[in-house]
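In my numbering, each residue's number is its place in the sequence shown (first place is 1) plus 10. Ideal Cβ placement from N, Cα and C applies to all residues, glycine included.
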Amino acid sequence: MRAAQLFLDGHDVGVAVAVAETARERMRGLLGRDHLPADEALLLKRCGSVHTFGMRFAIDVVFLNRSQRILAIHHGVPRRRVLLDLRAAQTLEMPAGAARRHRLAVGNCLAFKAVS
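Written as C-alpha cells, this is what we have:
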C-alpha cells in the first residue's frame, strides 16, 4: 500500500493514510487489526461500499466522490454493518470519532499527498 498525508482545505490534518488500490488490499482493509491509531486512516480506492464484519472496533466511514469531495460521513460504525453509497468513488475509514475531531463535513474537499 502507498502512504499519503491527509489535507483539508490545504492544511495538513496530521493523519497518515494507507492507500488501498488493489482488490486484495481493499478486501483486507482493516481486518485483523485490534485498533486504528488516532492519527491513521485507510483510503479504499474504487470503493463505494464497506462492511464491518470481522472488525474488532468501531470506525468512521467517509464516502468521497471522484473529486475527493465528502458525500457522506457515518460516525462510530459498529461491527457487523454494511454501508453503501452509489455516488461514492472511494471510501476513507478512520478511527471512531476522528471525523468529528478533524472537523470533516459533507461538502469538504480532501487531498491526499503521497509520502516519499
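message = Check this for me: beta carbons of G107 and D49, under 9 angstroms apart or not?
response = By 1-based counting over the sequence shown, the position of residue 107 is 97. By 1-based counting over the sequence shown, the position of residue 49 is 39. Going by C-beta atoms, G107 is not nearer than 9 angstroms to D49.
ask   = R12 lies in the alpha helix (DSSP H); which residues open and close that run?
value = As a working mapping, residue 12 is identified with position 2 in the sequence shown. Counting along the chain, R12 falls outside any alpha helix (DSSP H), though it belongs to the beta strand (DSSP E) covering 12-18.
task = Specify the secondary structure class of M37 as computed by DSSP and reduced to three states.
result = Looking up residue 37 in the sequence shown gives position 27. If DSSP states are grouped into helix, strand and coil, M37 belongs with the helices.
query = In its own chain, which residues sit with a C-beta less than 6 angstroms from the C-beta of R43, not counting the 5 before and 5 after it?
reply = Looking up residue 43 in the sequence shown gives position 33. In the same chain as R43, and ignoring 5 residues on each side of it, no C-beta atom comes closer than 6 angstroms to its own.
key: Proximity winner among R110, L16, L93, V27, relative to L46 (alpha-carbon distances)   = Numbered from its first residue, the sequence shown carries residue 46 at position 36. Residue V27 holds the alpha-carbon nearest to the alpha-carbon of L46 among R110, L16, L93, V27.
task = Measure the alpha-carbon distance for L96 versus A82 and round it to whole angstroms.
result = Position 86 of the sequence shown, counting from 1, holds the residue named residue 96. Position 72 of the sequence shown, counting from 1, holds the residue named residue 82. Each residue's Cα considered, the two are about 11 angstroms apart.
key: Delimiting residues of the beta strand (DSSP E) encompassing A30   = As a first step, residue 30 must be located in the sequence shown, where it is residue number 20. Element bounds for A30: 21-30.
Alpha carbon of I80 to alpha carbon of R89, nearest angstrom = Locating residue 80 in the sequence shown gives position 70, where the first residue counts as 1. Locating residue 89 in the sequence shown gives position 79, where the first residue counts as 1. Taking the straight line from one Cα to the other gives about 23 angstroms.
task = Return the Cβ separation of L16 and A51 in integer angstroms, given the expectation that the two are a contact with Cβ distance under 8 angstroms.
result = What you label residue 16 is simply residue 6 of the sequence shown in a count that begins at 1. What you label residue 51 is simply residue 41 of the sequence shown in a count that begins at 1. Correct: roughly 6 angstroms between the Cβ atoms.
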